Each structure stands twice: as C-alpha cells, then as structure tokens.
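Heads up, the sequence shown is in our numbering, so the first residue is 393 and it goes up one at a time. Think of the CB as a built atom: it goes at the ideal place given N, C-alpha and C, for glycine as much as any other residue. Treat the numbers as computed from the prediction; the structure is a model and nothing was measured. These notes are about the structure you will find just below.
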Amino acid sequence: MNEPWLHNGKLSNVYVLFGTEKYLLETWERAIIKAANPSGDHFDVMQLDLHETSLDTALDEAETVPFFSEYRTVIVKQAQFLTGAKEKQKQNVERLTEYALQPAPYSVLVFVIEAEKLDERKKVVKRLKERAIVLEAKKPNQSELIRYVGDELNRRGQKMERATIERLLFLCQDDWGKLVRELEKLQLYASEGAEIPIDIVNDLVPRTLEDNVFQLSEFLVARRADAALRLVRDLEKQGQELIGLLALLARQYRNMYLAKQLTEKGYGEKQIASKIGAHPYTVKLASQASRNFSEAQLGRALTLIADADEAMKTGRGDKQVVFDTLVCQLTLL
C-alpha cells in the first residue's frame with residue numbers, strides 16, 4: 393500500500409495537505425491520525441479551524457505534551473495564509489516559520505487546505521516545503537478512476553463492462569468520494585465473482601440532474617413528447633426551475649451540434665471532449681444522439697431553445713406553456 397504520508401516508514405512532525413480532491417485529503421488525514429494514535433483514543437487529537445481560532449492556538453496545542461498517546465495530533469483546517477487567498481484574520485506566520493525548524497517531537501501538526509496551489513513566494517511556504525511533508529491531492533482523471541474501479545472489482549473477482557464503468561463515473565460526476573461509496577454499494581449488492589450490469593448501476597446509483605436532462609433529450613430524440621412532459625413535471629416537483637432545465641437542455645443540444653460537426657471533420661470522441669470542454673461520457677451520448685439529426689435540424693433546435701429562453705426571461709409568455717411548446721416543437725424536428 394502506498395503511504396506517502398510516511399518518510400522512511402516514520403511519521404513527520406509537520407504536514408501540509410493541499411489540493412482539490414477532497415476525498416484524498418480526507419483519506420490522508422484519517423491515515424495520519426490512525427498512525428499517530430493507533431489505539432483510536434482521540435483525547436490527544438485536536439481539530440481546529442482557523443476561521444474560528446488562531447494559528448497561535450494551533451501551535452500552543454502542538455507544543456502541549458500528549459496525555460495518553462505517543463503523539464499529540466493537531467489538525468488545522470482553513471489555513472488560507474499558505475495560499476494566495478485573502479486572509480480573514482492576520483496569523484502569526486513568523487512563529488510557524490520558526491516552529492518548522494524544530495517542531496515538537498511528540499506532536500504531529502497537520503495543515504489541510506482545499507486549494508489548487510500554495511503561494512510558494514511566501515517564506516513560510518518555502519520553509520514548510522523544506523522541513524515538512526507536503527502532499528498535493530490532485531483530482532484523478534477519467535483513466536485513473538477507471539483503473540481504480542478495475543482494481544476494486546478485481547479484489548472481489550467481479551466484472552463490469554467498460555461502458556458500465558463509464559456510466560458509473562458519469563453518475564458520480566467523477567467525484568472520487570461518491571464513486572467509492574457507490575461502488576461499495578454495488579459490490580455489496582452483487583455476489584463475489586459476479587458481473588455488475590449497467591441495469592444495476594442505473595437502478596442503484598442516484599440520477600443527477602444532468603442525467604435527467606439526458607433522459608429528457610432521449611425522449612425528444614425519440615419523438616416521445618408525452619414521456620418528455622411527464623419527466624419535466626416530475627423534475628418540477630423535485631424543485632427544479634424550468635429556466636434551469638432549459639439551460640441544461642441548451643447545453644445538451646449544443647454538444648450534439650458540435651459533436652456532429654467535429655465528427656464529420658474526423659475528430660474522435662476524446663478529441664471532441666477536449667475541444668468543447670465536456671465530459672467524455674457526455675460527448676459519447678451527444679454523438680450517438682446527433683446521428684438522428686442533420687446539422688440543419690440541430691441548428692433549428694438551438695434557435696427554438698434560444699427563442700424559448702428569451703420568452704421566459706422577458707415574460708412574453710407563461711414559463712410552463714413556453715417550455716411545453718418547445719418540447720412539442722423539438723419532437724417534430
């Protein structure tokens with residue numbers, strides 16, 4: 393098992409965990425706490441938020457001798473002074489800069505920051521990079537998530553087709569934490585050594601709003617106005633605004649239009665996804681749906697959607713009547 397929080401198999405006395413992948417930050421934080429306090433006694437574990445307290449308080453805690461454990465673990469959240477973000481309150485960074493040179497040997501001080509990067513121009517950041525373990529939690533790309541799912545399935549001798557894995561990732565919106573939870577649920581539902589079909593994924597993993605809009609567009613492509621309108625009413629009951637649904641529908645038809653254009657120019661799905669800034673699975677569905685239309689029909693659809701958007705925003709008609717009329721118009725293309 394990879395344990396990046398250890399240095400030569402030993403804990404560091406100071407850590408900086410930063411990045412945009414919340415699941416990985418939480419995983420590292422739990423692992424460090426467990427390594428510092430294997431007994432599970434949290435009496436010597438302190439959780440501090442610098443929006444509510446000061447860096448001086450955190451350092452005072454780090455300099456306090458533990459009562460029952462080998463280490464006193466101090467977790468410090470919202471350490472924005474290590475980034476380029478504006479600080480809510482002035483912190484005593486000079487004290488931390490000095491502390492990093494000779495940290496308390498009986499403490500593990502951990503800074504956890506949900507930020508894309510640290511401000512490496514700051515003296516305190518430079519010092520921490522020299523003396524502490526600094527770990528960046530990057531969001532995994534789709535290939536890494538697919539590999540993760542494959543590894544987890546192999547551990548239980550289970551299988552899932554590539555298209556099913558892509559569907560799962562889309563429903564989880566490439567959120568690693570959500571993916572872990574939903575995959576665990578699917579694996580518990582299926583027996584060991586079994587294949588997990590796409591139907592089970594669709595049944596057990598909650599649909600996102602974007603996925604519901606995909607289903608709406610599928611009904612429109614199939615010329616099923618009745619089913620499309622029923623879905624719209626269901627989404628309204630769930631609190632979705634028609635203007636928001638229209639915006640997502642516009643994006644879906646725009647993706648279909650661009651996918652058709654770029655496919656005819658010889659672009660592959662991955663290239664299209666990169667060019668238009670869309671999720672690969674989104675492009676896959678858009679490409680498939682675009683085959684049912686000519687480029688002129690998709691252009692007409694975008695015009696109808698733009699007209700409906702203007703009518704809703706300017707109050708030229710009742711929003712529900714405008715949206716329902718649009719649904720009927722799109723099914724007649």
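How far does the alpha helix (DSSP H) with residue i in it extend, from its first residue to its last?
i           : result
residue 607 : 601-613
residue 569 : 568-581
residue 552 : Counting along the chain, residue 552 falls outside any alpha helix (DSSP H), and DSSP gives it neither H nor E.
residue 713 : 711-723
residue 439 : It is not in any alpha helix (DSSP H) - residue 439 instead sits in the beta strand (DSSP E) that spans 437-441.
residue 493 : That residue, residue 493, is in no alpha helix (DSSP H); it is neither H nor E in DSSP.
residue 642 : 634-656
residue 662 : 661-668
residue 474 : Where residue 474 is concerned, there is no enclosing alpha helix (DSSP H), given that its DSSP letter is neither H nor E.
residue 675 : 672-682
residue 444 : That residue, residue 444, is in no alpha helix (DSSP H); it is neither H nor E in DSSP.
residue 629 : 617-629
residue 689 : 687-706
residue 456 : Where residue 456 is concerned, there is no enclosing alpha helix (DSSP H), given that its DSSP letter is neither H nor E.
Assuming residue i and residue j are in contact, meaning their beta carbons sit under 8 Å apart, how far apart are those beta carbons, in whole angstroms?
i           : j           : result
residue 722 : residue 612 : 5 Å
residue 516 : residue 485 : 5 Å
residue 644 : residue 682 : With a Cβ gap of about 10 Å, residue 644 and residue 682 do not count as contacting.
residue 607 : residue 621 : Rounded, the Cβ-Cβ distance is 13 Å, inconsistent with contact.
residue 335 : residue 428 : One cannot answer for residue 335 here, as it falls past the ends of the chain, which runs 393 to 725.
Note the first and the last residue of the continuous beta strand (DSSP E) segment covering residue i.
i           : result
residue 528 : 525-529
residue 469 : 464-469
residue 504 : 499-506
residue 511 : Counting along the chain, residue 511 falls outside any beta strand (DSSP E), and DSSP gives it neither H nor E.
residue 408 : 406-411
If you count every other CB in all the chains shown that lies within 10 Å of the CB of residue i, and 16 or more means buried, which is it?
i           : result
residue 483 : buried
residue 707 : exposed
residue 556 : buried
residue 564 : buried
residue 393 : Confidence at residue 393 is low in this model, with a pLDDT of 45, below 50, so its placement is unreliable and the value that follows should be read with caution. It counts as exposed.
residue 533 : exposed
residue 461 : buried
residue 407 : buried
residue 595 : exposed
residue 674 : buried
residue 502 : buried
residue 458 : buried
residue 600 : exposed
residue 535 : exposed
residue 546 : exposed
residue 469 : buried
residue 630 : exposed
residue 713 : exposed
Residues in the same chain with beta-carbon distance under 8 Å from residue i, minus the five sequence neighbours each way, listed in chain order, please.
i           : result
residue 584 : 548, 549 and 550
residue 413 : 529, 530, 531, 532 and 568
residue 541 : 552, 557, 560, 561, 571 and 575
Identify the residues that DSSP records as bridge partners of residue i: which are they?
i           : result
residue 592 : BP columns for residue 592 are empty, so no partner.
residue 587 : 551
residue 399 : 402
Spatial neighbours of residue i within its chain, please: C-beta separation below 6 Å, excluding the five flanking residues on both sides.
i           : result
residue 559 : 590 and 593
residue 634 : 711 and 715
residue 665 : 672 and 675
Output needed for residue i: all residues of its chain with C-beta closer than 7 Å, excluding positions within five of it in sequence on either side, in chain order.
i           : result
residue 422 : none
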